[in-house]
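So the structure is just underneath, and the comments pick up after that.
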Amino acid sequence: VFNSLSDRLTATFKNLRGKGRLTEADIDGTAREIRRALLDADVAVPVVREFIARVKARSLGSEVSEALNPGQQVVKIVNEELVGILGGQTRELQFAKHPPTIIMLAGLQGAGKTTLAGKLAYRLKNQGHTPMLVACDLQRPNAVNQLQVGGGRAGVPVYAPHPGVSSEAETPTGDPVQVARAGVAEAREKLHDVVIIDTAGRLGVDTELMQQAADIKSAVGAHEVLFVIDAMIGQDAVTTAQSFNEGVDFTGVVLSKLDGDARGGAALSVASVTGKPVMYASTGEGLKDFEVFHPDRMARRILDMGDVLSLIEQA
Amino acid sequence: VKSNNVFGKSLLALLSSDSIDEDVWDEIEETLLMADLGTEPTMELVERLRERVTVEGSRDPERVRSLLREELTALVDPSLDRSLTLDASGRPAVMMVVGVNGVGKTTTVGKLARVLVAEDKDVILGAADTFRAAAAEQLTTWGARVGVPTVKSDVEGADPASVAYEAVSAGIEHEVDVVMVDTAGRLQNKANLMDELGKVKRVIEKLSDVDEVLLVLDATTGQNGLNQAKVFSEVVDVSGIVLTKLDGTARGGIVVAIQRQLGVPVKLVGLGEGPDDLAPFDAESFVDALLEER
Ligand SMILES: Nc1nc2c(ncn2[C@@H]2O[C@H](COP(=O)(O)OP(=O)(O)OP(=O)(O)O)[C@@H](O)[C@H]2O)c(=O)[nH]1
Ligand SMILES: Nc1nc2c(ncn2[C@@H]2O[C@H](COP(=O)(O)OP(=O)(O)OP(=O)(O)O)[C@@H](O)[C@H]2O)c(=O)[nH]1
Ligand SMILES: [Mg+2]
Ligand SMILES: [Mg+2]
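Chains as they are written, first to last, in this note's numbering: chain A, 56 to 370; chain B, 92 to 385.
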């Protein structure tokens, strides 16, 4: 039994040494294995389909290098395509010409938004900015407290005029759109140069809540809307990313919980379906567990064949 | 992304075309994959279906349709016992709720407490998530919402095992029917956190058997769900799965592989964020949803 993709590919192509050009037969076997690997990594079916078609087209007739066998040659192309999509336009936050820069977080329930708010605040503060957090999740029990704790740990003020749902305040009071607007006004007055708005988790199919997110965005004129998505997500990544893209037209993606052992195919799905850059990776529950997204590392992780790729890159 | 032609149609509509050709088999495969069933179960299922269709010599779409439903239903196994073990005579039943981060553990504890209260049971909650910001407060809010007390520590970062112990002893002392222990989310590849979880259970066991260990799984979870179930089962011997967030577009097909490989039944499903959004798992409607139009 061959477990990893590299094992299987090595077995498939043991006897084929690269001579001349890749034939359809060379490509088919590899393409099948790659398809399987991508699906096992949770890359969405329609994305896999399109991706494999492109890889096949590019591979067909391409020259086989002396150092690589046909299978490796296809893998090399796959890797290049992966990095191309994932890294198409990686970038960091862009700051507004006229502060404050307004950053809004959005995503499914439990994706990691509130945790990210603390991390971003901490990072920006260390870069010399003066961020302020705004608590616009008035719905999930104790979301406001959670943000206050995160802000406290990061040493960043939290604007939270409403407690949201908590044991003292059973029914939500206050309007998230209002809070966002007032929060930005407060930040202006107190000369904070960045505002980070935490919002409630919502489903892609929840049109009412999606509208609320859009309203928050337009009420404050957010410069960056970061879509936070759990690296463990499966095939639903496409549907979800599309609804958030339509709903709030996010500007960038943060992949959370990458400290787990999920392969994270969602990164590819979201990037290729929305064309929006994956900007950051969230890699733990602590304030510092946060990094700039590395497309090459992600490609390796999705393909689960780091060693082979390093060999190919050297060739 | 191809989305309108055959792909946008429901599988059943697809199968009602006149004959079953290669494309149709591909589409069946893709539909199952898109429900997060996983490559192995999907390919096996399609293979079996093809064999049966060949053996029967039937190319009647109506027949293939019912065969597919039949095979899927067999995989999901409606005959599994999915009841909760909550009757422990002479002592409170003890339940632990475990899972990776953000899947809906705390919410599930709240909703389930509501169900138990409605059945006239005395319930006590234990906030053994002493790690995440405001986790204990979140559970306390749920407790207040459904009218049950919560045992928690006032010290941030307290030992979760001792909070669990406190909760179970309070339950014994007050002769409640059920003690439900909420635990911190943890990724299954973090050995130290998994050890900690094992310890929580062992410490509870100094006082009482643990009757039910529910693993909460988010329906959006892909193939990693199988790893989650494997590792959590090794560490705390999971007795049932709660599949949450089924009110979204995700189908939760990964539980098929989990049930098949580990024999752990899905017992409950989460259908929203409100106190009443919890239901027993129903194999038939789960299969229907797997095959439904997206
Ligand atoms: N291991 C790990 N856990 C994370 C990461 N990011 C967030 N979490 C955890 O995931 C859980 C959910 O995180 P939250 O920040 O509350 O998620 P959210 O999107 O704000 O959730 P809602 O507000 O309920 O929609 C918490 O237990 C966090 O500690 C990460 O990168 N790695
Ligand atoms: N739509 C929907 N949301 C849910 C469901 N169950 C839980 N949630 C939401 O998911 C988010 C996370 O739920 P929690 O109960 O805090 O999850 P948890 O597993 O306790 O999270 P940690 O303790 O941080 O690991 C919250 O926003 C919940 O309201 C469900 O069935 N459907
Ligand atoms: Mg939150
Ligand atoms: Mg919790």
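Yeah, the Cβ is synthetic: ideal placement off N, Cα and C, and Gly gets one too.
From a predicted model like this one, the values you see are computed outputs, not experimental measurements.
Asked, Found
"beta-carbon residue 295 of chain A near ligand 4 non-hydrogen atom, thresh 7 Å", "no"
"Contacting residues, own chain, Cβ-Cβ under 6 Å from residue 281 of chain A (five flanking each side not counted)", "160, 307 and 309"
"Per-residue contacts from residue 199 of chain B into chain A (C-beta, under 8 Å)", "None at all; the shortest Cβ gap to chain A is about 12 Å."
"Secondary structure of residue 330 of chain A, DSSP reduced to three states", "coil"
"Helix, strand or coil at residue 352 of chain A according to DSSP, with G and I counted as helix", "helix"
"Cβ distance (whole Å) where residue 279 of chain A is taken to contact residue 149 of chain A below 8 Å", "7 Å"
"Chain B within 8 Å of residue 225 of chain A, Cβ atoms only", "yes"
"Residue-level contact to chain B via CB, residue 287 of chain A, 8 Å cutoff", "yes"
"Straight-line Cα distance separating residue 246 of chain A from residue 208 of chain A", "21 Å"
"Opening and closing residue of the alpha helix (DSSP H) in which residue 291 of chain A lies", "291-303"
"Own chain, CB closer than 6 Å to residue 85 of chain A, minus 5 neighbours either side, in chain order", "126 and 129"
"According to DSSP, residues forming a beta bridge with residue 307 of chain A", "A/281"
"Any non-hydrogen atom of ligand 4 closer than 7 Å to residue 285 of chain A Cβ", "no"
"C-alpha distance - residue 376 of chain B paired with residue 87 of chain A, whole-angstrom precision", "33 Å"
"Per-residue DSSP class, three states only, for residue 323 of chain B", "helix"
"Candidates A/336, A/191 and A/301: closest to residue 239 of chain A by CA position", "A/191"
"Nearest-angstrom beta carbon gap, residue 235 of chain A and residue 155 of chain A [assumed within contact, 8 Å]", "That pair is no contact at about 12 Å."
"Heavy atom of ligand 3 within 7 Å of residue 169 of chain A beta-carbon", "yes"
"Exposure label - residue 246 of chain B; buried when at least 16 CB within 10 Å", "exposed"
"Cβ-heavy atom distance, residue 226 of chain B to ligand 2, below 7 Å", "yes"
"Residue 107 of chain A: first and last residue of the uninterrupted alpha helix (DSSP H) it sits in", "100-114"
"Three-way DSSP call (helix, strand, coil) for residue 139 of chain B in this model", "helix"
"Proximity of residue 291 of chain A and residue 167 of chain A at Cβ, strictly below 8 Å", "no"
"Interface positions of the region 294-316 of chain B facing chain A (Cβ-Cβ less than 9 Å), listed along the chain", "309, 310, 311, 312, 313, 314, 315 and 316"
"Residue 197 of chain A beta carbon less than 8 Å from that of residue 232 of chain B", "yes"
"Residues bridged to residue 377 of chain B [DSSP beta-bridge criterion]", "Per DSSP, none; premise fails for residue 377 of chain B."
"Where the beta strand (DSSP E) containing residue 319 of chain A begins and where it ends", "From DSSP, residue 319 of chain A is part of no beta strand (DSSP E); its letter is neither H nor E."
"Buried/exposed call for residue 153 of chain A, threshold 16 Cβ in 10 Å", "exposed"
"Per-residue burial, residue 148 of chain B [other beta carbons within 10 Å of its own, 16 or more giving buried]", "exposed"
"For residue 200 of chain B and residue 48 of chain A, the rounded distance between their alpha carbons", "Nothing about residue 48 of chain A can be reported from this structure: the residues present for chain A run from 56 to 370 only."
"Rounded separation between residue 174 of chain A and residue 203 of chain A - CA only", "13 Å"
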